[in-house]
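First up is the structure itself, then whatever we jot down about it.
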Amino acid sequence: VPSFAAACAALRRAKRDLAEILSAFEFLDRASLVLVNAQLKGTEDPLPETPAPFYIVIETASSSIEGSHERARLDAYLEALQKEGVALAGVVGRDRKHASKLWNLRERISVALKHAGAVYKYDVSLPTEEMYDLVEEMRRRVAEKVAAGAGEFDFSGVSVLGYGHLGDGNLHLNISSPAGYHPALEAVVEPFVYEWTAAKRGSVSAEHGVGVMKPNELRHSKPPAAISVMHGIKQLLDPKGILNPYKVLPQSGGGAGGPSLLSRSKL
Numbered sequence: 074v075p076s077f078a079a080a081c082a083a084l085r086r087a088k089r090d091l092a093e094i095l096s097a098f099e100f101l102d103r104a105s106l107v108l109v110n111a112q113l114k115g116t117e118d119p120l121p122e123t124p125a126p127f128y129i130v131i132e133t134a135s136s137s138i139e140g141s142h143e144r145a146r147l148d149a150y151l152e153a154l155q156k157e158g159v160a161l162a163g164v165v166g167r168d169r170k171h172a173s174k175l176w177n178l179r180e181r182i183s184v185a186l187k188h189a190g191a192v193y194k195y196d197v198s199l200p201t202e203e204m205y206d207l208v209e210e211m212r213r214r215v216a217e218k219v220a221a222g223a224g225e226f227d228f229s230g231v232s233v234l235g236y237g238h239l240g241d242g243n244l245h246l247n248i249s250s251p252a253g254y255h256p257a258l259e260a261v262v263e264p265f266v267y268e269w270t271a272a273k274r275g276s277v278s279a280e281h282g283v284g285v286m287k288p289n290e291l292r293h294s295k296p297p298a299a300i301s302v303m304h305g306i307k308q309l310l311d312p313k314g315i316l317n318p319y320k321v322l323p324q325s326g327g328g329a330g331g332p333s334l335l336s337r338s339k340l
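The opening position of the sequence shown corresponds to residue 74 in the working numbering, with each subsequent residue numbered one higher.
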């Protein structure tokens, strides 16, 4: 698709045209596709003659054995998107193997990132129409450092990628750094990511949860009163702090809250 706005338009039409058979609606940017093809064997651009800044990957569920009716609806959906200029081109999986190959272009981005080197990963939820703005803002911040010239860290090799579950408003923001992790780079990323997300009334943790990495960032998504209530419930049900310890809640002076935790988001 030619833009992120077009990807959102495709989602709206999918909800209308595919409705009950729509089971997943994913997006990835061009940088993500290029990375997968560069880092992983057996992958290729499914539409090499039509490079685009964004790609969407759709999965449907069939209610019949052969799925012929669902296939016809998917073909009609793609045709409508192209006719309206929402999609530049498209391909529908010929069979299970081909469909799996297409799906893996989105599914294996995280694997490709690991092959590329150090990566700062963020899993946030945002208003759908504004999800990709965070990626663009992060690229701008990195570009400013590159333009500033030599310093304690070389930002020229840093790339920012965005992909995720468009249907759920869930963005996976990734800052790839082949040169490795560095405090100067982390200072550009944090706490900006959390503050920007909070300003959009999003959540600093989406599908992967708060876990042990983000308890101290929970304050960006929950007010102090809510966190206090959460601590109270935790203390009531788990006074010794032995159930899933040291996760989700920030330190509250010991007890069920657990020890102090580092809330670094790089994986």
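Even glycine gets a Cβ: it sits at the ideal position worked out from N, Cα and C.
Next item on the list: Determine the burial state of D168: buried for a count of at least 16 other Cβ atoms within 10 Å of its Cβ, exposed for fewer.
Entry: Along the sequence shown, one-based indexing puts residue 168 at 95. Exposed, since its Cβ has fewer than 16 Cβ neighbours within 10 Å.
Margin query: Can you give me the C-alpha to C-alpha distance between V321 and P288, rounded to a whole angstrom?
Written below: To locate residue 321, count along the sequence shown from 1; it is residue 248. To locate residue 288, count along the sequence shown from 1; it is residue 215. Using only the alpha carbons, I get a separation of about 5 Å.
Margin query: Looking at the strands, I want to know which residues DSSP matches up with E132.
Written below: Numbered from 1 along the sequence shown, position 59 holds the residue referred to as residue 132. Partner(s): A97.
Check: How big is the Cα-Cα spacing for H281 and G163?
Finding: As a working note, residue 281 is residue 208 in the sequence shown. As a working note, residue 163 is residue 90 in the sequence shown. In a straight line, the C-alpha of H281 is about 30 Å away from that of G163.
Notebook entry, point to check: Where do the N-terminal and C-terminal ends of the alpha helix (DSSP H) with Y319 fall, by residue?
Noted result: On the sequence shown, residue 319 is found 246 positions in, with the first residue counted as 1. Element bounds for Y319: n/a, residue is neither H nor E.
Check: What do you reckon, are the CB atoms on L343 and E99 nearer than 9 Å?
Finding: Residue 343 lies beyond the stretch modelled for the chain, which goes from 74 to 340, so this question has no answer here.
Item checked: Within the region 110 to 191, ranges of the beta strand (DSSP E) (whole runs, at least 3 residues) -> 127 to 133
Margin query: Using a Cβ distance threshold of 8 Å, determine whether the region 241 to 259 contacts the region 217 to 228, with at least three qualifying pairs required.
Written below: The region 241 to 259 is in contact with the region 217 to 228.
Next item on the list: For K156, count neighbouring Cβ atoms within 10 angstroms of its own Cβ and tell me buried if that reaches 16, exposed if not.
Entry: Counted from its first residue, the sequence shown places residue 156 at position 83. It counts as exposed.
Item checked: Close Cβ partners of T123 (< 7 Å) along its chain, the five nearest in sequence each way excluded -> Working through the sequence shown from its first residue, we reach residue 123 at position 50. Excluding residues within five positions, the ones whose Cβ falls inside 7 Å are L161, A162.
Note to self: Using a Cβ-Cβ cutoff of less than 6 Å, which residues in the same chain neighbour G305 once the five nearest sequence positions on both sides are dropped?
What the structure shows: The residue you call residue 305 lines up with position 232 of the sequence shown. No residues qualify anywhere along the chain.
Check: Under 9 Å between the Cβ atoms of P126 and F77?
Finding: On the sequence shown, residue 126 is found 53 positions in, with the first residue counted as 1. On the sequence shown, residue 77 is found 4 positions in, with the first residue counted as 1. Yes, Cβ-Cβ distance for P126 and F77 is below 9 Å.
Check: Distance, Cα to Cα, A272 vs K170?
Finding: As a first step, residue 272 must be located in the sequence shown, where it is residue number 199. As a first step, residue 170 must be located in the sequence shown, where it is residue number 97. Using only the alpha carbons, I get a separation of about 43 Å.
Margin query: Less than 7 Å between C-beta atoms, sequence neighbours within five positions excluded: which residues of the same chain meet that for G242?
Written below: Stepping through the sequence shown from its first residue, residue 242 is reached at position 169. Cβ within range, chain order: S198, L199, P200, T201, M204.
Next item on the list: Going by CA-CA distance only, name the one from A87, K88, S232 that's closest to V261.
Entry: To locate residue 261, count along the sequence shown from 1; it is residue 188. For the residues A87, K88, S232, the minimum Cα distance to V261 belongs to S232.
Next item on the list: Starting from the C-beta of D148, find all residues in its chain whose C-beta is less than 8 Å away, skip the five residues before and the five after it, and write them out in chain order.
Entry: In the sequence shown, the residue the question calls residue 148 occupies position 75. So the list reads V165, once near-sequence residues are dropped.
Margin query: Is the beta carbon of V184 closer than 9 Å to that of Q112?
Written below: Working through the sequence shown from its first residue, we reach residue 112 at position 39. Working through the sequence shown from its first residue, we reach residue 184 at position 111. Closer than 9 Å, so yes.
Next item on the list: Take the Cβ of I315 as the centre, count every other Cβ of all protein chains shown within 10 Å, and call the residue buried at 16 or more, exposed below.
Entry: Here the question's residue 315 lines up with position 242 in the sequence shown. Exposed: under 16 other Cβ atoms inside 10 Å.
Next item on the list: Tell me whether Y205 sits in a helix, a strand or coil according to DSSP, three-state version.
Entry: For the purposes of this step, residue 205 is taken as residue 132 along the sequence shown, with counting starting at 1. Y205: coil per DSSP, three-state reduction.
Margin query: So, for Y81: in the same chain, excluding its five sequence neighbours on each side, which residues have a beta-carbon less than 8 Å away from its beta-carbon?
Written below: Position 8 of the sequence shown, counted from the start, is the residue given in the question as residue 81. Looking at the sequence itself, residue 81 is Cys, so the reference to Tyr does not match. So the qualifying residues of the chain are T201, E202, L239.
Margin query: Can you tell me whether G224 is helix, strand or coil according to DSSP?
Written below: On the sequence shown, residue 224 is found 151 positions in, with the first residue counted as 1. In the structure shown, G224 sits in coil (DSSP, three-state: anything other than H, G, I, E or B).
Check: Quick one: is V231 near chain B, going by C-beta distance under 9 Å?
Finding: This model lacks chain B altogether, as it is built from one protein chain only.
Check: Does DSSP put K295 in a helix, a strand or coil?
Finding: To locate residue 295, count along the sequence shown from 1; it is residue 222. Residue state, collapsed to three classes: coil.
Item checked: Coil, strand or helix - R337 by DSSP -> Sequence index remark: in the sequence shown, residue 337 carries index 264 (1-based). Only weak support exists for where R337 lies, its pLDDT of 43 falling under 50; the coordinates are left without a value.
Check: In whole angstroms, what separates the C-alpha of L258 from that of A299?
Finding: To locate residue 258, count along the sequence shown from 1; it is residue 185. To locate residue 299, count along the sequence shown from 1; it is residue 226. So the two alpha carbons sit approximately 32 Å from each other.
Check: Within 10 angstroms of its Cβ, does H142 collect 16 or more other Cβ (buried), or is it exposed?
Finding: In the sequence shown, residue 142 corresponds to position 69, counting from 1. Classification for H142: exposed.
Margin query: Suppose only complete runs of 4+ residues qualify. What are the alpha helix (DSSP H) ranges in the region 229 to 277, listed by chain order?
Written below: 256 to 262, 265 to 272
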